[in-house]
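Trainee:
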Amino acid sequence: MSFDVMIVGIGGQGTILTSNILGRACVIEGIPVRGAETHGMAQRGGSVESQIRIGQEYGPLIAPGTADLLLSFDLMEAVRAAHWLKPDGILYSSKEYVIPTSVFMEDYPAPTEEMLTEMLGSRHAHIIDSRAISQQAGNILTQNIVMLGAASPMLPLQKASLQEAIRKTVPPKTVDLNLKAFEMGREAGKSL
Amino acid sequence: MVERTEQNMTHTRTGNIHREFDPGFSMVVHYLLGNEAIAHGCLEAAVDVVCGYPGTPSSEVIDTLRMDTDCACKVEWSVNEKVAFEEALAASWCGLRALCTMKHVGLNVAADPLMTSAYTGTKGGFVIMSADDPFAHSSQNEQDSRCYAMFAKIPCLDPSTLQEAHDMVRDAFALSEEFRLPVLFRPTTRICHSKSDVNLGGIVVSDRTALFEKDARQYVVIPAHTRILHQKLNQKQPALRKRLVELGYNRYEIKGKTAVICGGVGASYVREVIGPDVSVAIIGAYPVDQEWLGAFISRHEKVMVIEELAPVIEEVARQVSGTVPVFGKMTGHVPYEGELAPDRIASYLQAAGFETAISYQPAQAPAALPVRPPILCAGCMHRTAMYAMKKVFRDAIFPSDIGCYTLGIQLGTVDTTICMGASITIASGMSLAGEKRDIVCTIGDSTFLHTGIQGLINAVYNGATITVVILDNRITAMTGHQPNPTTGLTACGVATPAVSIEAICRACGVSFVETVSPNDLVTFIDVLKAAKARPGVKVVIARQPCVISEKRAKIVRGRYTVHQDLCIGCKACIKFGCPAIELKGGLASITDLCSGCGVCAQICPVGAIGREVRE
């Protein structure tokens, strides 16, 4: 049995980079790992997902209703992907969400934060103010690393391996910034 | 930080995408994308020449090699798949190891040389990577490349894991040399775009030099030669089938009285869900040795075939199954279309009475939310060009083509898309058929060079009345920003003369050729109006670099902002559909996604949008 993680967001928010950190951390620990991700045109501002299976030796695909952890960089995308979680699965989502352009163009009613939180139902959900924390860390582009930090105590991976994987994955000039974002996210996750 | 998957690939070979690609190490485990593992497998085989045309999910093989400073092989982006195929074939005929890469539909473009290269055979190892896309994640169809291999009578390798993909492509060159045949390597999206820990070997640098040895009976397929070559091709088949079993590509494990036969990435899902007492045969290579498969089937009471897309394995299984019942697509247990997944396979197996190790509960339905499809970027010139087309040619027919601009379907300016280059030909065909409305087609710069030019020549030659809008953003954007002949750079970042689309169009006989940036909306609309008023074939070249390329080149323009006191809430800018424009409390508002194209300021009827003034 693998520990299955879904990472969701909007194209450009760093789902692939985050899953690369998890994958590299697995290699550091010698754990087999499989991942599947969205490439190509779907990345242009659309909903994207990365599936990552820690300890899996076979295929990269997670079945709906079986994911152990859902990590979302957008609250609306968290709701969209919540059915991937197993009943006692855990969700970490950013508090913010981007309203799709189609909502404005077609005059649809835009869901509010309260409505979205309600749609998550009784799930084990942790909502993180990743923008505020990333700003404190020094750059709002580190929101994905803040979220990874928040969820990291739930992962079957050592903190040190994740830190080492971050060093190997992010642009060299941003290593310290990202490690700080990771640490601050981890603290925020614990204090919930 | 933001993802780097497409970063800087339009520029020079600046370094390895993954620093792990150090030469000289042996058997080291890395976390890699399937296409990166495939690229590394080719380097381990000392490939000499790599050609291809970008296409999801195949593009990152060449993107990895062209960005790798340690890569000693020659790498090129060709103008289309037929060209790539023939260039690689020529290298093979010169005794070099050659790879050509493409997506599955690219193989249609290269089908002509494919079929006959099986007759002429090869000299240096020649591998064709044709990446299939079950579920059409980013494709116009779900064709199965294995059928092409069968049609051409060449071996096909179909990996079930990333490690296997890496090992198979590494060994495919030697297989090609052994049988002097092209080898079709067929990974699918879930191989190319999935990731795993992969064992890599050391990179081997080639010591081959190109030398073509003339032999007309081999390389000139006049009827007298080709009849003999066809016979020779057929004679290779029995030994080939046996060899693929010997090499371990086709293998089985007997566990009980029921069996599953599977192939491709589906085999890894089967292994995840299958019960412990069910035998499994994995088909990793074609053609399948019928005798071998028949012997496996005969040791069971019933078998089920699980494979994506065409029933290639199933047809062979049915030929040799005797009285053993075969379940699969033909019995309605497995669909012919879409992609497989572990939970779906478990349900197919259970429905046919096969034992599984895992049972999945039906998952909850996804929540009902506004959809978030991919969308043209903020400041993308395609949106502006299509907005203007809609303004000028209200009720026209809009044939389009393959590229980011296919997303213009959301703007009502994409009425047809079938394959690369088919915008101009569908437009001229409608004109020829006598359709009375205006016909305005759109095609990108790379697609125009790929297969658009012939259609333009034909439209002029045969007197069509159409307007062709060439959306020239100087890059092959959708597949990850690969340079093309309009960019002025080769795949490896070497400066090269940029082709003139204007000169090509004029040489085709088009007298109305106008180039204008759609960001200058007023002039662009005037040019479209001038085109509309004239008969014959008119070409409007909408030229403006891709906003993503600009961002990577550090070109920054000032942002725009809505003066809330002037905005009347008419939604003219909202209807333009730019993702940087939001509606807040009935008024428009511009977010930090704005890239400063300034088009919304030209659309606003009351002058409420202007440049942002920084304090």
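One line per chain: the protein sequences are A and B, in this order. So for the first sequence, my numbering puts the first residue at 1; every next one is plus one. So for the second sequence, my numbering puts the first residue at 193; every next one is plus one. We treat Cβ as the ideally placed atom computed from N, Cα and C, and that holds for glycine.
Can you list the alpha helix (DSSP H) stretches of 4 or more residues lying completely in the segment 722 to 806 of chain B, in chain order?
Mentor: Fully enclosed alpha helix (DSSP H) runs of 4 or longer: 739 to 744, 764 to 768 and 791 to 795.
Trainee: Within the chosen definition, does the segment 373 to 391 of chain B reach the segment 408 to 423 of chain B through at least 3 CB pairs nearer than 8 Å?
Mentor: The answer is no - the segment 408 to 423 of chain B does not touch the segment 373 to 391 of chain B, with fewer than three Cβ pairs under 8 Å.
Trainee: Using a Cβ-Cβ cut-off of 7 Å (strictly less than) and excluding sequence neighbours within five positions of aspartate 664(B), which residues of its own chain qualify?
Mentor: Excluding sequence neighbours, aspartate 664(B) sits near Asp637, Thr678, Ile693, Ile733, Ala734 and Arg735.
Trainee: From the DSSP output, read off the bridge partner residues of lysine 295(B).
Mentor: Paired residues: Ala323(B).
Trainee: Apart from the five residues on each side of it in sequence, which residues of its chain come closer than 6 Å, Cβ to Cβ, to tyrosine 441(B)?
Mentor: Excluding positions up to five away in sequence, the list reads Gly476 and Ala477.
Trainee: Would you please verify whether the beta carbon of threonine 66(A) is less than 8 Å from any beta carbon of chain B?
Mentor: For threonine 66(A), the answer is yes, since a Cβ of chain B falls inside 8 Å of its Cβ.
Trainee: Can you confirm whether tyrosine 92(A), when its beta carbon is compared against all beta carbons of chain B, has any partner nearer than 8 Å?
Mentor: No, because no Cβ of chain B sits closer than 8 Å to the Cβ of tyrosine 92(A).
Trainee: Give a yes or no on whether the minimum CB-CB distance between tyrosine 58(A) and chain B is below 8 Å.
Mentor: So, interface residue.
Trainee: For glycine 216(B), count neighbouring Cβ atoms within 10 angstroms of its own Cβ and tell me buried if that reaches 16, exposed if not.
Mentor: Residue confidence for glycine 216(B) is low, a pLDDT of 41 falling below 50, so the modelled location carries little weight and cannot support an answer.
Trainee: Would you kindly work out how many angstroms separate the C-alpha atoms of threonine 38(A) and serine 50(A), rounded to a whole number?
Mentor: Taking the straight line joining both Cα atoms gives about 7 Å.
Trainee: Name the chain A residues that come within less than 7 Å of valine 457(B), Cβ to Cβ?
Mentor: Correct list: Gly59.
Trainee: Histidine 152(B) lies in the beta strand (DSSP E); which residues open and close that run?
Mentor: What is shown of chain B runs 193 to 807, which leaves residue 152(B) out entirely.
Trainee: Taking only the alpha-carbon atoms, compute the straight-line gap between threonine 523(B) and glutamine 482(B) and give it to the nearest angstrom.
Mentor: Their backbone Cα atoms lie some 21 Å apart in a straight line.
Trainee: Taking the CB atoms as reference points, tell me whether valine 267(B) and valine 242(B) lie closer together than 8 Å.
Mentor: Yes, these two residues count as a Cβ contact at 8 Å.
Trainee: Taking 8 Å as the cut-off, does the segment 694 to 705 of chain B touch the segment 628 to 637 of chain B (at least 3 CB pairs, one atom from each stretch)?
Mentor: As far as the Cβ criterion goes, the segment 628 to 637 of chain B does not touch the segment 694 to 705 of chain B, which means the pair count is below three.
Trainee: So that I know if they touch, is there some Cβ in chain B lying closer than 8 Å to that of aspartate 176(A)?
Mentor: No - not a single Cβ of chain B is within 8 Å of the one on aspartate 176(A).
Trainee: Counting along the chain, where does the alpha helix (DSSP H) carrying lysine 521(B) start and finish?
Mentor: Careful: lysine 521(B) lies outside any alpha helix (DSSP H) and carries neither H nor E.
Trainee: Spatial neighbours of alanine 63(A) within its chain, please: CB distance less than 6 Å, with the 5 preceding and 5 following residues excluded, ordered by chain position.
Mentor: Answer for alanine 63(A): no residue qualifies.
Trainee: Identify every residue that forms a DSSP beta bridge with threonine 892(B).
Mentor: Residue 892(B) falls outside the range modelled here, since chain B spans only 193 to 807, and no answer is possible.
Trainee: Quick check on histidine 39(A) - is its C-beta less than 8 Å from some C-beta in chain B?
Mentor: Taking Cβ atoms only, chain B reaches closer than 8 Å to histidine 39(A), which makes this a yes.
Trainee: Just to confirm before moving on: does the CB-CB distance between serine 122(A) and glutamate 77(A) stay below 8 Å?
Mentor: No; because the gap between Cβ atoms is not below 8 Å, this pair is not in contact.
Trainee: Please classify tyrosine 340(B) as buried or exposed, where buried requires at least 16 other C-beta atoms within 10 Å of its C-beta.
Mentor: By the 10 Å Cβ count, tyrosine 340(B) comes out buried.
Trainee: Do isoleucine 594(B) and methionine 578(B) have their C-beta atoms closer together than 8 Å?
Mentor: The answer is no: Cβ separation not under 8 Å.
Trainee: Measuring only between beta-carbons, confirm whether glycine 185(A) sits less than 8 Å from chain B.
Mentor: Not one chain B Cβ lies under 8 Å of glycine 185(A).
Trainee: With a 10 Å radius around its C-beta and 16 neighbouring C-beta atoms as the bar for buried, classify histidine 296(B) as buried or exposed.
Mentor: So histidine 296(B) ends up on the buried side.
Trainee: Starting from the Cα of leucine 281(B), find the closest Cα among Pro558(B), Cys762(B), Gly317(B) and Ser251(B) and give me that residue.
Mentor: Checking every option, the nearest Cα to that of leucine 281(B) belongs to Gly317(B).
Trainee: Quick check on DSSP: helix, strand or coil for phenylalanine 213(B)?
Mentor: Confidence in phenylalanine 213(B) is poor, its pLDDT being 41 and thus under 50, which makes the residue's placement unreliable; the coordinate value appears in the next sentence. In this structure, phenylalanine 213(B) counts as coil in the three-state DSSP scheme.
Trainee: Below 8 Å on the Cβ atoms is my contact criterion, and I expect serine 352(B) with serine 337(B) to pass it. Report the Cβ-Cβ distance as a whole number of Å.
Mentor: About 15 Å separates the two Cβ atoms, so there is no contact after all.
Trainee: Is glycine 149(A) close to chain B, meaning its C-beta is less than 8 Å from at least one C-beta of that chain?
Mentor: Cβ-Cβ to chain B under 8 Å: no for glycine 149(A).
Trainee: Rounded to the nearest angstrom, how far is the Cβ of threonine 381(B) from that of histidine 329(B), given a contact under 8 Å?
Mentor: Sure, about 5 Å apart at Cβ, within 8 Å.
Trainee: So for arginine 433(B), helix, strand or coil by DSSP?
Mentor: Correct three-state label for arginine 433(B): helix.
Trainee: Using a cut-off of 9 Å between C-beta atoms, extract the partners of phenylalanine 182(A) located in chain B.
Mentor: Those within 9 Å of phenylalanine 182(A) in chain B number zero; the least Cβ separation is about 12 Å.
Trainee: With distance defined between alpha-carbon atoms, name the residue in Trp484(B), His574(B), Gln511(B) and Thr753(B) nearest to isoleucine 662(B).
Mentor: Answer by Cα proximity: His574(B).
Trainee: For leucine 85(A) and phenylalanine 716(B), I'd like the C-alpha separation in whole angstroms.
Mentor: Their Cα atoms are separated by approximately 50 Å.
Trainee: By the criterion of Cβ-Cβ separation under 7 Å, what are the contact partners of alanine 460(B) in chain A?
Mentor: With the sequence shown as reference, residue 460(B) is identified as serine, and alanine is not the correct amino acid for it. Here the neighbours are Tyr58 and Gly59.
Trainee: How would you list, in chain order, the residues of chain B whose beta-carbon sits under 7 Å from the beta-carbon of threonine 101(A)?
Mentor: What threonine 101(A) touches in chain B: Ile567, Gly769 and Pro771.
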